[in-house]
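Q: I'd like to ask you about the structure that follows.
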Amino acid sequence: MNNYIYLDHAATTPARPEVIEAMTEAMQLHYGNASSIHQMGRTSKGLLEEARSVFAASINASPNEIVITSGGTESDNMAVVKTAEKYGYKGKHIVTTNVEHPAVRRPLNYLKNQGFEVTELAVDRNGLISLEQVKEAVREDTILVSVIYGNNEIGTLMPITEIGQYLDGLDHKVAFHTDAVQAYGTEDIDVKEQKIDLLSVSSHKINGPKGIGFLFINEELPITGLVLGGEQENKRRAGTENIPGVIGFQRAVEIRQAEKKRIREEYQALKSRCLAELDASGIDYEVNGSVDQSLPHILSLHIKGIPADKLLIHLDLARIAVSIGSACSAGNVDPSPVLEALYGSNHPAISETIRLSFGYGVTEDDCRTVVAKIKKAVDFLAET
């Protein structure tokens, strides 16, 4: 949209022109079913496997450990539910945090109804858990630990490497899953070094198409598919492969891997610029979570005394897109579980928080404009 400042990249991102071009070509030329044995089918199959190798290399995995899915939600669901079903005979205890994405939290609630016990580790005021909390929670009947890599609302980065390496050193196997949907685009991930067994990724968070993602599954953890039907994805995910989506996703990953260091620095500079402008503006605000130990593209702000829903409307009328929570909870009027985990249920931040998230095309001038518009809206709302 012309003259629209988009600061909601944690919700979804615009597709890069290179991605659109690659997908357009794929839809025109590579429409053969990858399960067919004719030449066009074999071509699609080759493209699918080439993309799988790119996805695997981006996290230091093997191609056979990558299952292509419809996105982060399916990947999270598959990781949590199918691991529990596969290893439930060994124990029915799962460890997680109280700030997980709904795509993890709701499958865990489903498993509770199936007789599993779920321990939720409480985060501190920065949105962090510690390795010590994990050590205290893990038991002999624990079969799975699921901890979000970087929080989708406040950006906090969890100690994933420390947790993975600790779990790997236990006498009994505890599968380790992390939802890396927000972190994949900016953080350096090595599933072998970090001892991660299951990792969820979504294309539309890194300027790729919607409706495509992958789940990394350690080859020593042979869980079965969540979507049943045909024998695609080595019998782990049924359904005709979305070749244009896969090719678009591959192009987005190639670009992001090549530019990750620069992108991380650019997003961090945008965050710093917004904070500097906020400090200079005189707006009474507080950052939710940690400024330093967080994803570079997410900035959660408690604008004190100003209802977030009213502020969002003013910014939208000024052609600025921000969020008051996770887009995956759109239409949900319930308080943010993440903010409640930080502050409790009655803290003003629950209803006075907006989230700015940076991405492709955002400039430091945009940050200056946005803070100026926030200041104007805050001054107006304070007087009414």
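In this text, residue positions in the sequence shown follow UniProt numbering: the first is 1, and each later residue adds one.
For every residue, glycine included, the Cβ atom is placed at its ideal position computed from N, Cα and C.
Quick one: what's got a C-beta closer than 7 Å to Ala-330's C-beta in the same chain, skipping five residues either side?
A: The residue given as residue 330 occupies position 330 in the sequence shown. Low confidence applies to Ala-330: its pLDDT is 49, below 50, so where it sits in the model is not reliable, and the reading given next is rough at best. Excluding residues within five positions, none has a Cβ falling inside 7 Å.
Q: Along the chain, where does the alpha helix (DSSP H) that runs through Thr-24 open and close?
A: Counting from one through the sequence shown, the residue named residue 24 turns up at place 24. From DSSP, the alpha helix (DSSP H) with Thr-24 extends over 17 to 29.
Q: To which residues does DSSP link Ile-206 through a beta bridge?
A: In the sequence shown, counting from the first residue as 1, residue 206 sits at position 206. Answer is none; Ile-206 lacks a bridge partner.
Q: Please state the DSSP three-state secondary structure of Val-118.
A: Taking the sequence shown and counting its residues from 1, the one referred to as residue 118 is at position 118. Val-118: strand per DSSP, three-state reduction.
Q: Have a look at Asn-3, Ala-57, Val-181, Gly-282 and flag the residue whose alpha-carbon is nearest the alpha-carbon of Val-371.
A: Taking the sequence shown and counting its residues from 1, one reaches residue 371 at position 371. Checked all of Asn-3, Ala-57, Val-181, Gly-282; the closest Cα to Val-371 is Gly-282.
Q: With H, G and I counted as helix, E and B as strand and the rest as coil, what does DSSP make of Ile-68?
A: Within the sequence shown, numbered from 1, the residue matching residue 68 stands at position 68. Reduced to three states, the DSSP call for Ile-68 is strand.
Q: Leaving out the 5 sequence neighbours to the left and right, which residues in its chain are closer than 8 Å to Ser-299 when beta-carbon positions are compared?
A: Residue numbering aside, residue 299 sits at position 299 when the sequence shown is read from its first letter. Residue identity check: residue 299 is Leu in the sequence provided, not Ser. Gly-155, Lys-271, Cys-274, Leu-275, Val-287, Arg-355, Leu-356, Ser-357, Phe-358.
Q: For Lys-82, is the classification buried or exposed, using 16 other Cβ atoms within 10 angstroms of its Cβ as the cut-off for buried?
A: Start at 1 with the first residue of the sequence shown, and residue 82 comes out as number 82. Buried is the call here.
Q: Is Met-40 close to chain C? Criterion is C-beta to C-beta, closer than 9 Å.
A: Going by chain labels, chain C is absent from the structure shown, which holds only one protein chain.
Q: Could you say if the segment 341 to 348 and the segment 253 to 266 meet the contact criterion of at least three C-beta pairs nearer than 8 Å?
A: The segment 341 to 348 vs the segment 253 to 266: no contact.
Q: On the DSSP bridge assignment, give the partners of Gly-150 in chain order.
A: Here residue 150 refers to the residue found at position 150 when the sequence shown is read from its first residue. Gly-150 is bridged to Leu-157.
Q: Quick one, are the C-beta atoms of Leu-198 and Ile-59 less than 9 Å apart?
A: One-based indexing of the sequence shown puts residue 198 at position 198. One-based indexing of the sequence shown puts residue 59 at position 59. No, these two residues do not count as a Cβ contact at 9 Å.
Q: What residue from Arg-251, Leu-221, Gly-225, Thr-12 has the CA that sits closest to Lys-239's CA?
A: Locating residue 239 in the sequence shown gives position 239, counting from the first residue. Note that residue 239 is Gly in the sequence shown, not Lys. Nearest option by C-alpha distance: Gly-225.
Q: Closest by CA to Pro-219, which one among Gln-293, Gly-71, Val-67, Ile-350?
A: Taking the sequence shown and counting its residues from 1, the one referred to as residue 219 is at position 219. Sequence check: residue 219 is Glu here, not Pro. Here the closest residue by C-alpha is Val-67.
Q: If contacts are defined as beta-carbon pairs under 8 Å, then Ala-252 and Ile-206 qualify, I think. What distance do you get, rounded to the angstrom?
A: As a working note, residue 252 is residue 252 in the sequence shown. As a working note, residue 206 is residue 206 in the sequence shown. The pair is a contact, with the Cβ atoms about 5 Å apart (cut-off 8 Å).
Q: Using only CA atoms, which one of Asn-126, Gly-213, Val-95 lies nearest to Phe-176?
A: Your numbering for residue 176 matches position 176 in the sequence shown. The candidate whose alpha carbon is nearest that of Phe-176 is Val-95.
Q: If you follow the beta strand (DSSP E) that Ala-10 is part of, which residue opens it and which one closes it?
A: By one-based count along the sequence shown, residue 10 stands at place 10. Ala-10 -> no beta strand (DSSP E), and no H or E assigned at all.
Q: With DSSP as the reference, identify every bridge partner of His-302, one or two as the case may be.
A: Position 302 of the sequence shown holds residue 302. Looking at the DSSP assignment, His-302 forms a beta bridge with Glu-286, Thr-353.
Q: Enumerate in chain order the residues of its own chain whose CB-to-CB distance from Asn-109 is below 7 Å, with the five nearest sequence positions on each side excluded.
A: Mapped onto the sequence shown, residue 109 falls at position 109. Same-chain partners within the cutoff: there are none.
Q: Smallest Cα separation from Gly-230: which of His-30, Asp-76, Ser-35?
A: For the purposes of this step, residue 230 is taken as the residue at position 230 of the sequence shown. Among His-30, Asp-76, Ser-35, the Cα nearest to that of Gly-230 is on Ser-35.
Q: So, at 8 Å on beta carbons, what are the nonlocal neighbours of Val-378 in its own chain, with the 5 sequence-adjacent residues on each side left out?
A: On the sequence shown, position 378 is the one that residue 378 refers to. Cβ neighbours of Val-378 beyond the five flanking positions: Ile-283, Ile-303, Ile-306, Leu-311.
Q: Please name the residue or residues paired with His-93 in a DSSP beta bridge.
A: Taking the first residue of the sequence shown as 1, we reach residue 93 at position 93. Bridge partners of His-93: Glu-117, Thr-142.
Q: Run through DSSP, which three-state label would Phe-214 get?
A: Reading the sequence shown from its first residue, position 214 is the one you call residue 214. Of the three classes helix, strand and coil, the one that applies to Phe-214 here is strand, per DSSP.
Q: Whose CA, out of Asn-234, Pro-102, Leu-167, lies closest to the CA of Glu-132?
A: If you number the sequence shown from 1, residue 132 lands on position 132. Here the closest residue by C-alpha is Leu-167.
Q: Could you name the residues of the same chain whose beta carbon sits closer than 7 Å to that of Ile-247, not counting the 5 residues immediately before and after it, in chain order?
A: Against the sequence shown, residue 247 aligns to sequence position 247. Ala-22, Met-23, Ala-26, Leu-47, Ala-51.
Q: Can you tell which of Val-118, Thr-12, Val-123 has its C-alpha closest to the C-alpha of Ala-341?
A: Within the sequence shown, residue 341 is the residue found at index 341, counting from 1. Ranking Val-118, Thr-12, Val-123 by Cα distance to Ala-341 puts Val-123 first.
Q: Does Ala-11 pass the burial test, meaning 16 or more other C-beta atoms within 10 Å, or should it be called exposed?
A: Position 11 of the sequence shown, counted from the start, is the residue given in the question as residue 11. Ala-11 should be labelled buried.
Q: Measuring alpha carbon to alpha carbon, tell me which residue in Val-99, Tyr-360, Arg-236, Arg-237 is nearest Pro-296.
A: Walking along the sequence shown from the start, residue 296 turns up at place 296. Pro-296 has its Cα closest to that of Tyr-360, out of Val-99, Tyr-360, Arg-236, Arg-237.
Q: Beta-carbon within less than 8 Å of Ala-349's beta-carbon, same chain only, minus the 5 sequence neighbours each way: which residues are those?
A: Taking the first residue of the sequence shown as position 1, residue 349 is located at position 349. Answer for Ala-349: Glu-286, Asn-288, His-302, Leu-339, Leu-342, Tyr-343, listed in chain order.
Q: Let's test the definition: count the other Cβ atoms within 10 Å of the Cβ of Asn-64 and tell me whether it reaches 16, buried, or not, exposed.
A: The residue given as residue 64 occupies position 64 in the sequence shown. The residue in question, Asn-64, is exposed, as its Cβ has fewer than 16 Cβ neighbours within 10 Å.
Q: Report the three-state DSSP secondary structure of Leu-312 (helix, strand or coil).
A: Within the sequence shown, the letter at position 312 stands for residue 312. If DSSP states are grouped into helix, strand and coil, Leu-312 belongs with the helices.
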